[in-house]
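J.:
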Amino acid sequence: KQLRETPALPSNLTSNTAEAHLLLQQAIAEGATSLDTHEVQPILQAYGMNTLPTWIASDSTEAVHIAEQIGYPVALKLRSPDIPHKSEVQGVMLYLRTANEVQQAANAIFDRVKMAWPQARVHGLLVQSMANRAGAQELRVVVEHDPVFGPLIMLGEGGVEWRPEDQAVVALPPLNMNLARYLVIQGIKSKKIRARSALR
């Protein structure tokens, strides 16, 4: 029945699919195969999703300057198209509360990249205010193309490791609110998503 339904958006969600499509086409034309946090933000915003403001710092000094402007605590995240899993070089540093912590963390990230990935292109660091995670649930949504079934929507918990075969629930598009709820409920029932009272 869900597959026969017309996909519906939440009543309070506005979207600009034309803008999102244009942004994606521009990225594809530039040869991009993935988008980092900063690059994907305008696409998410085109679909009415709230995102954390993000700034780009070229070095540790600029990272400190940005952190002083936006306020602590902050997060630093490596920008490199050659290192898809930032955890391999501890490329994400969270809850930095002072200028000294930001400077040390930024320099440490750059040093680890030089040692572990000397040929990697580095496009600076993302600087973000830390999100209020009280009652939050980190989820991962993946769309992959299966040779038999075509597009698949997979939902599971966020984190470094990702094994869809035992960490995700799967459904076929089109995605609508009923299917989204079904995925969440099935994820909780199968214990692939931990139940949280704040999860709706």
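Going by my numbering, the sequence shown runs without a break in its numbering and finishes at 206.
C-beta: ideal position from N, C-alpha, C; glycine also.
Small disclaimer: the values here were computed from a predicted structure and weren't measured.
What's the gap between the Cα of Lys-120 and the Cα of Leu-131?
T.: Spanning the two alpha carbons is a distance of roughly 14 angstroms.
J.: What's the gap between the Cα of Glu-74 and the Cα of Val-80?
T.: About 10 angstroms.
J.: Note down, in chain order, each residue of its chain lying with its Cβ closer than 7 angstroms to the Cβ of Ala-38, except the 5 sequence neighbours on either side.
T.: Around Ala-38: no qualifying Cβ.
J.: Determine the extent of the beta strand (DSSP E) in which Asp-152 is found, giving its start and end residues.
T.: Note, Asp-152: beta strand (DSSP E), 145-152.
J.: Give me the DSSP bridge partner(s) of Thr-60.
T.: The partner list for Thr-60 (beta bridge, DSSP) reads Gln-134.
J.: Express the C-alpha separation of Ala-177 and Glu-171 in angstroms, rounding to a whole number.
T.: C-alpha separation (whole angstroms): 13 angstroms.
J.: Should the stretch 23-34 be regarded as contacting the stretch 92-111, the criterion being three or more beta carbon pairs within less than 8 angstroms?
T.: These segments do not touch.
J.: Exposed or buried, Thr-60, counting other C-beta atoms within 10 Å across all chains shown (16 or more means buried)?
T.: By the 10 Å Cβ count, Thr-60 comes out buried.
J.: First and last residue of the alpha helix (DSSP H) that includes Pro-48?
T.: Unbroken alpha helix (DSSP H) run through Pro-48: 43-52.
J.: Can you tell me where the alpha helix (DSSP H) holding Ala-26 begins and where it ends?
T.: Counting along the chain, the alpha helix (DSSP H) containing Ala-26 begins and ends at 23-35.
J.: In the DSSP assignment, find the unbroken beta strand (DSSP E) run with Ala-177 in it and report its ends.
T.: That run of the beta strand (DSSP E) goes 174-177.
J.: On the three-pair Cβ rule with 8 angstroms, is the stretch 191-201 touching the stretch 149-164?
T.: Yes: the two stretches touch, three or more of their Cβ pairs being nearer than 8 angstroms.
J.: Give every residue of the same chain whose Cβ lies closer than 7 angstroms to the Cβ of Asn-22, excluding the five residues on either side of it in the sequence, and list them in chain order.
T.: So the list reads Ala-52, once near-sequence residues are dropped.
J.: By how many angstroms is the C-alpha of Ala-126 removed from the C-alpha of Met-55?
T.: Between Met-55 and Ala-126, the C-alpha separation is close to 32 angstroms.
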